[in-house]
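In what follows, a single structure is set out as structure tokens and then discussed.
Residue numbers (full-length UniProt numbering): 1 to 712.
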């Protein structure tokens, strides 16, 4: 037997000789708020040289792992994976500029700075940080709105060869709306930089305030549904480039539906050259992606399909003069060099502060979840709060260099792992490839057709669109999660991406609350002669304990489910203790004559033909609540247990608690639940280590009180 002195005291006598004794430690003395905060500050902000080094290593993890880098084991894989990612990153970055409504060079700036910063601050060894299609879409929607408000035309992407209104050359621009001396592209990147800076500040604050756990509330079905809905929105936004036609950029709810209607009305205006180019490039990219997937076990590195298609398409466009002869839209001039730093406009930061909230949440959620995913699969750990700091700095610092929002990207992270990447040194190699393009190779992309860039974007959506096939299996596993997936995706498509994210978060929280509001409740019975108790609805041959009702509530007890807790307990035990206790107070002679001895006074008080509130015989003398599944109690839950103690005590029924965790025991002590009720027993007589020990104590007490009842 396992006995708990001070908890299982009963008239059965002292524990037998040789019994194992479990002695509980006394609880630590409670500390005040000042002492707790002081201890944490001293621990985190130690001013000694050792403390300063620890703080530096915490903020810049590369300082810790770089001196222990193993060149023989890791260098070859890091260089190879960095080259592969750089080769893939350049065409994708240029293509994703279409989503953000910015010039291609800004995507290259973003990729360069983000890889360097995450190399210093990231805790994941395999995550690749850079341009992410969902964030580009969200940035592009804000940029389009602000361009419209400033009087610009968002449909002019500023990617044509003759466009000189960029941030790099505004002297020749004609008088235009917006700030003086700043054309369409200049204003667009100002908006994007301000939005990125605010989103990065939010992420840094989340890391400083240790809110890394918030990302866990964005469940995987929510993120998958959001990715699906946003992918449909991205696909819709690229159709005008694939077809080479002009359509207005719609804003607000129903943007996807409005865009499709505009495309259908202008279908006859499609550019035949762009349509043929898109068809050939889409077929080639999909075929090479499929071949790469099937031959992945035999390929050391993935096929650079995007780079091959872009190189061939650029050569064909240049020598075939597709822009001059057929009006094919091309990327235009891509300037070389790195930009001078510029502080984002404070006025724009205030206007986009609200738009930065979903941007920061989505970037943080995907980055933290991907970092934890790769850490689990490769056997190491990451720090979510440091990941938030790293991703936030990847947005804050580059925002001063004409960059826009970035985060971890799943596709490139998978490619980095497949190519043999071991550490974040691979990101430095990728940044070097991007820097080479910025310094020397950028002008070579001048004749690149924009329809090809749209093809690269559309093909990159394959993974997100394929997730729709997982919905039937998700429905079989969890209908609530499937509902979150479908609702999030549908709201993204039919309303907006921000509304889809909000709807997904609300549905996830409601689903979580619903699961705790009505947990399973059951009366338990004994498994043979053992000390185990289970639900007779699940197992056969269980033996109910005479005179003792063992109640299990498989969830926490809080304000939202306290009524369900009481209804379940009263229904299963057949006794409404609250009503019966109040009736006993009102009609004491009915209670004395009816409840204890089965008299008819209680029935008479209830009225002819009605069910008596105080039954003729309760049929039990003790209620044992199995508190093992009881994760926590709030104030309403403690008040509920306190009222139960009082009501059962008024009816002469004992209420015992079994298997309480340390946190629940502490809550019961603080709430004054122990010893509650008339003549309440001390803590030793109410808390028990197990259900069986509580049942034994109940039998012993009843036997000492009334032998005839105990024999029964």
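Glycine included, every Cβ here is placed at the ideal spot set by N, Cα and C.
Judged by their CB atoms, residue 135 and residue 407 are nearer to each other than the 7 angstroms cut-off.
Burial is judged here by how many other beta carbons sit within 10 angstroms of a residue's own beta carbon; residue 343 has fewer than 16 and is exposed.
Per the coordinates, the alpha-carbon of residue 264 lies some 11 angstroms from the alpha-carbon of residue 240. By the neighbour-count criterion, in which 16 or more other beta carbons inside 10 Å mark a residue as buried, residue 283 falls on the exposed side.
Following the DSSP letters along the chain, one finds residue 551 inside the beta strand (DSSP E) bounded by residues 548-553. In the three-state DSSP reduction, residue 654 falls in the strand class (E or B). As far as DSSP is concerned, residue 221 takes part in no beta bridge.
Between residue 147 and residue 334, the alpha-carbon positions lie close to 22 angstroms from each other. When only Cα atoms are considered, residue 65 and residue 423 end up about 9 angstroms apart. Between residue 430 and residue 85, the gap from beta carbon to beta carbon is short of 7 angstroms. Distance from the CA of residue 518 to the CA of residue 561, rounded to the nearest whole angstrom, comes to 7 angstroms.
Spanning the alpha carbons of residue 141 and residue 100 requires a straight line of approximately 7 angstroms. Straight through space, the alpha carbons of residue 80 and residue 138 are spaced by roughly 32 angstroms.
With a 10 Å radius around the Cβ and a threshold of 16 neighbouring Cβ atoms, residue 91 comes out buried.
By DSSP's assignment, residue 130 forms a beta bridge with 407. Counting only runs of 4 or more residues that sit fully inside the region 55-134, the alpha helix (DSSP H) segments are 62-65, 71-100, 104-121, in chain order. CA-CA distance, residue 466 to residue 294, rounds to 16 angstroms. Around the CB of residue 472, fewer than 16 other CB atoms lie within 10 Å, so the residue is classed as exposed. Secondary structure at residue 447: coil, using DSSP grouped into helix, strand and coil.
In this structure residue 688 does not touch residue 700 by the C-beta definition: roughly 12 angstroms separates them, more than the 8 angstroms allowed.
Counting the other CB atoms within 10 Å of its CB gives residue 208 a total below 16, which places it among the exposed residues. Between the region 577-585 and the region 647-661, the count of Cβ pairs shorter than 8 angstroms is three or higher; the stretches touch.
Here residue 543 is exposed: its Cβ has fewer than 16 other Cβ atoms, across all protein chains shown, within 10 Å. Residue 492 is positioned such that its CB atom lies closer than 7 angstroms to that of residue 230. Between the beta-carbon of residue 566 and that of residue 640 there is about 7 angstroms, and that keeps the pair under the 8 angstroms contact cut.
Of the residues 203, 494, 638, the one whose Cα lies closest to the Cα of residue 394 is 203. The C-beta separation of residue 251 from residue 144 comes to about 6 angstroms, placing the pair in contact by the 8 angstroms criterion.
By alpha-carbon distance to residue 702, the top candidate from 672, 623, 512, 306 is 623. If the five residues before and after residue 539 are omitted, its C-beta is found closer than 8 angstroms to the C-beta atoms of 527, all from its own chain and listed in chain order.
The continuous stretches of alpha helix (DSSP H) do not include residue 470, and DSSP gives it neither H nor E.
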